[in-house]
Amino acid sequence: MTTAGYAEIVVLRNHAKIDQGFTYLIPHKLQEAIYVGSRVMVPFGAQQIEGVVIAIKPTYEGDLAKLKEITFVFDRDLSLTEEMVELAEHMRRQYLCTYTEAFSLMLPTGVLVTPETHYYPVDSFHGQNEEIKGSVKEVYDAILKQSDVTLETIEVSYSEAVIKKAFKQLLAIFAIKEDVKYIEQIKDRTIEKYTVVGDMTALLETIPERYKMRKRVCAYFVENPKGELKALREATKAPKSVVDWFEKKEMIRIESIQENRMPEFMNSTSAKAEVVLSSEQKTIVEDILSYYHTTPEKPFLLRGVTGSGKTEVYSALIAHCLNQGKTAILTLPEIALTPQMVSRFAKRFGKERIALMHSKLSNGEKYDQWRAMRKGELDIVIGARSAIFAPISNLGIVILDESHEQSYRSERRPKYDTYEIALQRKTFWQAILLAGSATPSVESTYEGKIGLRHLMTLSNRFNNAAVPVPDIIDMREELESGNRSMLSRALFDAIEERIERKEQVIIFLNRTGHSTFVTCRSCGFTLDCPNCDITLTYHKHDNRMRCHYCQYESFIPKKCPSCGSHYFKQFGVGTEKLEETLKEFFPEARIARMDRTTTRRKGQFEAIISQVEEENVDILVGTQMVAKGLDFAKVTLVGIISADLLMNMPHFQAGERTYQLVNQVSGRAGRGALKGDVILQTYQPDHYAITSDDYDTFYDMEIKYREKLGYPPFRQLVNLVFTSRDEKVANNYAEMSYQYLKRNLLKKDLQKEMEMYAVHAALLKKIDGEYRYQVLIKCHAEHVDYLRYLIEKLQTRFITIKDCKINIDLNARNIL
Ligand code: ADP
Ligand code: ZN
Ligand code: ZN
660 MTTAGYAEIV
670 VLRNHAKIDQ
680 GFTYLIPHKL
690 QEAIYVGSRV
700 MVPFGAQQIE
710 GVVIAIKPTY
720 EGDLAKLKEI
730 TFVFDRDLSL
740 TEEMVELAEH
750 MRRQYLCTYT
760 EAFSLMLPTG
770 VLVTPETHYY
780 PVDSFHGQNE
790 EIKGSVKEVY
800 DAILKQSDVT
810 LETIEVSYSE
820 AVIKKAFKQL
830 LAIFAIKEDV
840 KYIEQIKDRT
850 IEKYTVVGDM
860 TALLETIPER
870 YKMRKRVCAY
880 FVENPKGELK
890 ALREATKAPK
900 SVVDWFEKKE
910 MIRIESIQEN
920 RMPEFMNSTS
930 AKAEVVLSSE
940 QKTIVEDILS
950 YYHTTPEKPF
960 LLRGVTGSGK
970 TEVYSALIAH
980 CLNQGKTAIL
990 TLPEIALTPQ
1000 MVSRFAKRFG
1010 KERIALMHSK
1020 LSNGEKYDQW
1030 RAMRKGELDI
1040 VIGARSAIFA
1050 PISNLGIVIL
1060 DESHEQSYRS
1070 ERRPKYDTYE
1080 IALQRKTFWQ
1090 AILLAGSATP
1100 SVESTYEGKI
1110 GLRHLMTLSN
1120 RFNNAAVPVP
1130 DIIDMREELE
1140 SGNRSMLSRA
1150 LFDAIEERIE
1160 RKEQVIIFLN
1170 RTGHSTFVTC
1180 RSCGFTLDCP
1190 NCDITLTYHK
1200 HDNRMRCHYC
1210 QYESFIPKKC
1220 PSCGSHYFKQ
1230 FGVGTEKLEE
1240 TLKEFFPEAR
1250 IARMDRTTTR
1260 RKGQFEAIIS
1270 QVEEENVDIL
1280 VGTQMVAKGL
1290 DFAKVTLVGI
1300 ISADLLMNMP
1310 HFQAGERTYQ
1320 LVNQVSGRAG
1330 RGALKGDVIL
1340 QTYQPDHYAI
1350 TSDDYDTFYD
1360 MEIKYREKLG
1370 YPPFRQLVNL
1380 VFTSRDEKVA
1390 NNYAEMSYQY
1400 LKRNLLKKDL
1410 QKEMEMYAVH
1420 AALLKKIDGE
1430 YRYQVLIKCH
1440 AEHVDYLRYL
1450 IEKLQTRFIT
1460 IKDCKINIDL
1470 NARNIL
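So the sequence shown is numbered by this note's numbering: it starts at 660 and just counts up by one.
Printed below as a string of structure tokens:
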């Protein structure tokens, strides 16, 4: 068999058993079209399956007779690149995922195709017709008559099985031939445009009155010598045959133009004037470019207080890269923030070069943009974390805005971290990598301090307004003086004042925690785990408190162990309740609520935003959603109902997340010309996460705590979750895996280097009817590779186990 070489191909079927390259022959006619990253169709078992070429080889060592040929190759602008293949290989090692899982993040959904087999008569087939009789003859005659059929389109009245059998026989005697075509599930969208090329006015005279439709269409053409057929049909209700008549008479010319479906960008009302960078912004941009020049491999971490104008810095750096003919990716932590950002960039760079990527786009939009990016027609990509996989080449810069946000880590398989993917792409293209945040994660700042990133700081707000420092209100004192409501007197007074002055208020209430804790409302005491320094979580079913890491357990004391008060209770209020309370207190105020319930439907989030913008709202109540990115000039007061819910999350990051959120929320106040205030209510007014005056003070406390207890960045948390519909099964496999790991670590004498917590039910023990059991390991970074190796072996066993799944996170944060 002659061949143009051998291709290693991964078939796009997500199954660990076939997660490898299979060798196929490259037919000569496809030689030019096959390269690393090509998407192809190949025979696999009895089927034709879509695959991706991961390598090309001139020789093959195995049994040549067993190899099959690639049957089809897709257009270049639907294929992946060599960079993407490398990235998938990296992800497979790093996250223990399959090729298919990695590739499916890179491919736009819906490009997958369905094969369709067509049958044609063979012209040279003569004479042997006596072999053909009965049903076979009827099928053959139908093929002759129709000249091109498929199983669905052939006009005979036999069952599928009979027709298939007939096809087979006819193929065997070379009476017909077959050809597989690939039908894309998403079609290109074309627009049909017409141009009048003949003398329509003259024609109009000659059309007799009784041809009413022809006359009407002709008159339309006289009025509109150029346009879209769709508009013509809508205006005149003309059937296709009438339009065809004009075309046949060569009175019009029709052409089909491929149109790109592009998402609509939010149009912001006020056009902004030319931006001139402040001197601080200018210095940062220049420094970044010059550091990049001398140490191109090192990423940047930009800390800039809220309102310092980080976006303008991004914009200047992107402009610099575009000028050099390179491309840019900017990711944002939330889809809701993308329209605002995109319209800001569209104004500066023109919307025709921007791609917007996130999961809520239609498949058609995703597909068209994907192709346009792949072809190099779009060079700025803005989007949520999925934008990091944008199919653009020649990357000049990757920016992660609000880089500390949790949403940058995927909680689904593969559990990738957007920053780690960005780092791979940065390295491949030697691009600038910039993570920006007002409150960078402790891990990222630590990397800066040990020299792995350049640390850059913007310390002033752009308009030099002060960043408000929260007023901390001790809710224990409120209780003592008889105020048992959710609002402290200070917050009440401050809200009242804003309403009188016609300014706006944001009231923030955290509600992310899935769990509740118990706190003393008299002294602020909470029950913590003696081993882990983490708040114990209340378990309703047996009315006990448990540590979510080490499973330390305690009953709930009736009285506060610290001060003896009886106000020792579970904690937790909702936004709805808060909204009601505010309505009671301020009946004349216009109140809007923003949380998951009120923004579920498309457009609701934007509607609330514009209500606040147009000053039709006095008080905006909400969850995390009100904390991020919003920029309202008239908001002069931010109230934080309780910082405690954050500080007492059963999580080693509780302090950090509190600090970040308090800063983000506070940053919403005083962004315009008016000064802003922040009021923060708490039962633990001395916690460093809220008393730290600045980031550095907070960081110093936090990093000491992390080091002392061996949390990231000093150790990695490895989390294995075993899920099954049968609780016993999940528990048993978790236990077996635990023992397996333990034995092997003992063999290598690594038991002291790793801290393994005993098997336990996850905090969210049952999700979607699946029970979840957990093995949690604290591990030094230098031993992670060995652990990965063990876990990989473990994982291969689970390929054959049907009733239990294993979910692996080698660098876990969220371990609920
Ligand atoms: P951050 O992202 O750091 O919170 P933004 O980039 O949103 O801050 O900037 C805060 C405000 O300051 C925005 O309204 C922005 O338009 C304005 N701003 C920032 N830099 C400039 C500049 N150089 N010229 C004019 N306005 C600016
Ligand atoms: Zn107490
Ligand atoms: Zn514990």
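All C-beta atoms in this analysis are idealised placements derived from N, C-alpha and C, irrespective of residue type, glycine included. Just so we're clear, the structure is a prediction, and the values are computed from it rather than from any experiment.
Could you give the DSSP three-state label for residue i: helix, strand or coil?
i       : result
PRO1127 : coil
ARG1325 : It is Ser, not Arg, that sits at residue 1325 in the sequence shown. Helix, per DSSP.
LEU863  : helix
THR1459 : coil
HIS1173 : Confidence is the limiting factor: at HIS1173 the pLDDT is only 44, short of 50, which leaves the residue's position unreliable, though a coordinate-based value still follows. HIS1173: coil per DSSP, three-state reduction.
MET910  : coil
ILE1267 : helix
GLY1107 : helix
MET1145 : coil
ILE1166 : strand
PHE1373 : coil
PRO998  : helix
HIS1113 : strand
SER929  : At SER929, the pLDDT of 48 sits below 50, so the modelled position is not reliable and the matter cannot be decided from this model.
CYS980  : helix
SER1213 : strand
GLY769  : Confidence is the limiting factor: at GLY769 the pLDDT is only 49, short of 50, which leaves the residue's position unreliable, though a coordinate-based value still follows. Residue state, collapsed to three classes: coil.
GLU956  : coil
GLY966  : coil
LEU1423 : strand
TYR853  : strand
GLY886  : strand
ILE813  : coil
GLY1042 : strand
Which residue's Cα is closest to the Cα of residue i: the options?
i       : options                            : result
ILE988  : ARG1007, HIS952, ALA1081           : ALA1081
PHE1184 : ARG1157, ALA975, ARG1135, ASN1202  : ARG1135
ARG1120 : TYR758, LYS1334, SER1147           : LYS1334
ILE1467 : GLU893, GLN1454, ILE1250, PHE703   : GLN1454
ALA1302 : ALA1420, ILE1132, PRO1127, ALA1266 : ILE1132
ILE715  : GLN707, THR662, ILE708             : THR662
ARG1180 : THR1341, THR718, ASN883            : THR1341
VAL964  : GLU1036, LYS1025, ILE813, SER1118  : SER1118
GLU1412 : HIS1439, SER900, VAL1285           : HIS1439
ALA922  : VAL821, ASP1027, ILE832, THR942    : According to the sequence displayed, residue 922 carries Pro and not Ala. Among VAL821, ASP1027, ILE832, THR942, the Cα nearest to that of PRO922 is on ASP1027.
ALA1421 : THR1077, ALA1393, ARG1402, LEU1304 : ALA1393
PRO767  : VAL839, GLN1065, ALA675, PRO1050   : PRO1050
List the whole-angstrom C-beta distance separating residue i from residue j, where the pair is believed to meet the contact cut-off of C-beta under 8 angstroms.
i       : j       : result
LYS1287 : GLU993  : 6 angstroms
ALA1043 : THR997  : 7 angstroms
LEU1492 : ALA878  : No answer is possible for residue 1492: the residues shown for the chain start at 660 and end at 1475.
MET910  : VAL876  : Not really, about 10 angstroms apart at Cβ, beyond 8 angstroms.
GLY1055 : ALA1014 : About 15 angstroms separates the two Cβ atoms, so there is no contact after all.
VAL1177 : LEU1168 : With a Cβ gap of about 19 angstroms, VAL1177 and LEU1168 do not count as contacting.
PHE959  : LEU1111 : About 11 angstroms separates the two Cβ atoms, so there is no contact after all.
ILE1362 : VAL1101 : 6 angstroms
HIS1419 : GLN1433 : 6 angstroms
LYS836  : VAL798  : Not really, about 14 angstroms apart at Cβ, beyond 8 angstroms.
ARG1327 : VAL1294 : 6 angstroms
ALA1251 : ILE1267 : 5 angstroms
Hey, does residue i have any beta-carbon neighbour from chain C nearer than 8 angstroms?
i       : result
PHE1227 : In the structure shown, chain C does not exist; there is a single protein chain.
Do three or more CB pairs link the stretch 982 to 999 to the stretch 1125 to 1142 at distances below 8 angstroms?
no
Is it true that the stretch 949 to 959 meets the stretch 1003 to 1010, where meeting means three or more beta-carbon pairs spaced less than 8 angstroms apart?
no
Closer than 6 angstroms is what we want: which residues have a beta carbon that near any heavy atom of ligand 1? List them in chain order.
VAL934, VAL935, LEU936, SER937, GLN940, GLY963, THR965, GLY966, SER967, GLY968, LYS969, THR970, GLU971, PHE1121, ASP1290
Ligand 3: which residues have Cβ under 5 angstroms from any of its heavy atoms, chain order?
CYS1188, ASN1190, CYS1191, CYS1206, TYR1208, CYS1209, TYR1211
Three or more beta-carbon pairs under 8 angstroms between the stretch 931 to 942 and the stretch 960 to 980, yes or no?
yes
Are at least three pairs of beta-carbons, each pair with one atom in the stretch 1265 to 1285 and one in the stretch 1309 to 1318, less than 8 angstroms apart?
no
Counting pairs of Cβ atoms below 8 angstroms between the stretch 677 to 686 and the stretch 704 to 724, do you hit three or more?
yes
Segment contact, 8 angstroms Cβ cut-off, at least three pairs: the stretch 687 to 700 with the stretch 720 to 734
yes
Any 3 or more C-beta pairs closer than 8 angstroms across the stretch 1445 to 1465 and the stretch 1382 to 1402
The stretch 1445 to 1465 vs the stretch 1382 to 1402: in contact.
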